[in-house]
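*Asks:* Residue numbers (this note's numbering): 6 to 285.
This is the structure I have questions about; it appears just below.
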Ligand code: SAM
């Protein structure tokens, strides 16, 4: 049952059969995320960060236990002011929406946002990561988080990829989904864009002949290209790289995990830009 409360768009919901709850629960499936052009993010801090960064909030859901919490009430007021809906729900409803026991007290539903490829214009010193057909949501989320942490500019998803707006990916980004621009393109569009890009494109490849530590990345725009978890980079993308780099390994493992390899590369590329004294 839902009942209207002041101000206008705040509703109390306790029933799992409520149509708004059903709509939000449907966001667990990519088909409905795409239909609604929306996604879910959990946690009060994340929702505040998203609002501060100008993301469009559609719905704010908070647990009854949050009633009277001034921070939550402020976020609720911001949601209403932005034209969104606020739902005050029972713990049962929140558990069902997030598919988690002990869910966070606050969940936000936001409009999805992709950066058009034409707006990916790396300047000197900028680093972008291009991911070829990334499959694993945990890997994608971890890469987005790491891109944020090292002060790289964004991520270009090339080809069929896992959804950056799935609950699992968003969770793995720990909020960085709101700070890191993401573009999504076909391999053809990427190769076309690459032709007009005069910076350095470095691919990572298990057959790469160049040690990743031997390259001077400073001063120029850099695109770091990472291969698919199972297959690595296809020839078309590998051939479009200026250099194919390898991270030396010892031991029995065939390769590093994609997100780990991306982290190693990003810290090398950004080595000169990062220090403990200041956030770049
Ligand atoms: N079986 C795949 C292959 O043959 O390429 C393994 C892919 S690996 C799990 C995923 C991606 O991480 C690779 O495509 C590459 O971009 C990067 N990677 C992992 N280990 C690497 C290494 N030692 N040197 C360079 N790149 C590496």
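Backbone N, C-alpha and C define an ideal beta-carbon position, used for all residues, glycine too.
Every value quoted in this text rests on a predicted model; they were computed, and no experiment measured them.
(1) At the level of alpha carbons, what is the spacing between residue 58 and residue 255?
(2) Can residue 234 be considered in contact with the ligand SAM, in the sense that its beta carbon sits closer than 6 Å to one or more heavy atoms?
(3) Can you list, in chain order, the residues of its chain whose CB lies under 8 Å from that of residue 77, leaving out five sequence neighbours each side?
(4) As an exercise, report each continuous alpha helix (DSSP H) stretch of at least 4 residues that is fully enclosed by the segment 108-172, in chain order.
(5) Determine the burial state of residue 12: buried for a count of at least 16 other Cβ atoms within 10 Å of its Cβ, exposed for fewer.
(6) Find out if the Cβ-Cβ distance for the pair residue 160, residue 149 is shorter than 7 Å.
(7) Would you identify the three-state DSSP class for residue 249, choosing helix, strand or coil?
(8) With DSSP as the reference, label residue 23 as helix, strand or coil.
(9) Report whether the distance from the Cβ of residue 274 to the nearest heavy atom of the ligand SAM is below 6 Å.
(10) What does DSSP give as the partner residue(s) for residue 29 in the beta ladder?
(11) Tell me the rounded alpha-carbon separation between residue 10 and residue 186.
(12) Go ahead and pull the three-state DSSP assignment for residue 85.
(13) Would the beta-carbon of residue 209 fall within 7 Å of that of residue 250?
(14) Please state whether the Cβ-Cβ distance between residue 268 and residue 151 is less than 7 Å.
(15) So is the beta-carbon of residue 20 under 6 Å away from any non-hydrogen atom of the ligand SAM?
(16) Going by other Cβ atoms of all chains shown within 10 Å of its Cβ, with 16 needed for buried, is residue 241 buried or exposed?
(17) Would the beta-carbon of residue 81 fall within 7 Å of that of residue 63?
(18) Can you name, in chain order, every residue of its own chain whose Cβ lies under 6 Å from the Cβ of residue 15, other than the five neighbours on each side?
(19) Inspect the beta-carbon positions of residue 147 and residue 46 and report whether they are closer than 7 Å.
(20) Taking three-plus beta-carbon pairs below 8 Å as touching, is the segment 212-226 in contact with the segment 126-134?
(21) Output needed for residue 247: all residues of its chain with C-beta closer than 7 Å, excluding positions within five of it in sequence on either side, in chain order.
(22) What residues match up with residue 64 in a beta bridge as DSSP calls it?
*Replies:* This is what the structure gives:
(1) For the purposes of this step, residue 58 is taken as residue 53 along the chain shown, with counting starting at 1. For the purposes of this step, residue 255 is taken as residue 250 along the chain shown, with counting starting at 1. C-alpha separation (whole angstroms): 43 Å.
(2) Taking the first residue of the chain shown as 1, we reach residue 234 at position 229. Answer for residue 234: yes, Cβ within range of the ligand SAM.
(3) Taking the first residue of the chain shown as 1, we reach residue 77 at position 72. Once the five neighbours on either side are set aside, the close Cβ partners of residue 77 are 49, 67, 71, 110, 111.
(4) 142-155
(5) Taking the chain shown and counting its residues from 1, the one referred to as residue 12 is at position 7. Confidence at residue 12 is low in this model, with a pLDDT of 46, below 50, so the placement of that residue should be treated as unreliable; the coordinate-derived value is given next. Exposed: under 16 other Cβ atoms inside 10 Å.
(6) Taking the chain shown and counting its residues from 1, one reaches residue 160 at position 155. Taking the chain shown and counting its residues from 1, one reaches residue 149 at position 144. For residue 160 and residue 149, yes; Cβs fall inside 7 Å.
(7) Counting from 1 along the chain shown, the entry for residue 249 is found at position 244. Looking at residue 249 - three-state DSSP - the assignment turns out to be strand.
(8) Your numbering for residue 23 matches position 18 in the chain shown. Correct three-state label for residue 23: coil.
(9) Position 269 of the chain shown holds residue 274. No; taking the cut-off as 6 Å, the Cβ of residue 274 has no heavy atom of the ligand SAM nearer than that.
(10) Here residue 29 refers to the residue found at position 24 when the chain shown is read from its first residue. Answer by DSSP bridge pairing: none, since residue 29 is not bridged.
(11) Stepping through the chain shown from its first residue, residue 10 is reached at position 5. Stepping through the chain shown from its first residue, residue 186 is reached at position 181. Low confidence applies to residue 10: its pLDDT is 41, below 50, so where it sits in the model is not reliable enough to give any reading.
(12) Here residue 85 corresponds to residue number 80 of the chain shown, with the count starting at 1. Helix.
(13) For the purposes of this step, residue 209 is taken as residue 204 along the chain shown, with counting starting at 1. For the purposes of this step, residue 250 is taken as residue 245 along the chain shown, with counting starting at 1. Yes. Within cutoff.
(14) Taking the chain shown and counting its residues from 1, one reaches residue 268 at position 263. Taking the chain shown and counting its residues from 1, one reaches residue 151 at position 146. Result yes, Cβ atoms of residue 268 and residue 151 sit closer than 7 Å.
(15) Mapped onto the chain shown, residue 20 falls at position 15. No, the Cβ of residue 20 stays beyond 6 Å of every heavy atom of the ligand SAM.
(16) The residue labelled residue 241 in the question sits at position 236 within the chain shown. Exposed is the call here.
(17) Start at 1 with the first residue of the chain shown, and residue 81 comes out as number 76. Start at 1 with the first residue of the chain shown, and residue 63 comes out as number 58. Cβ atoms of residue 81 and residue 63: not closer than 7 Å.
(18) Mapped onto the chain shown, residue 15 falls at position 10. 91.
(19) Taking the first residue of the chain shown as position 1, residue 147 is located at position 142. Taking the first residue of the chain shown as position 1, residue 46 is located at position 41. Against a cut-off of 7 Å, the Cβ pair of residue 46 and residue 147 comes out as no contact.
(20) In short, these stretches touch, since the Cβ pair count reaches three.
(21) Here residue 247 is taken as the residue at index 242 of the chain shown, counted from 1. Same-chain partners within the cutoff: 205, 206, 207.
(22) Counting from one through the chain shown, the residue named residue 64 turns up at place 59. Per DSSP, 90, 114.
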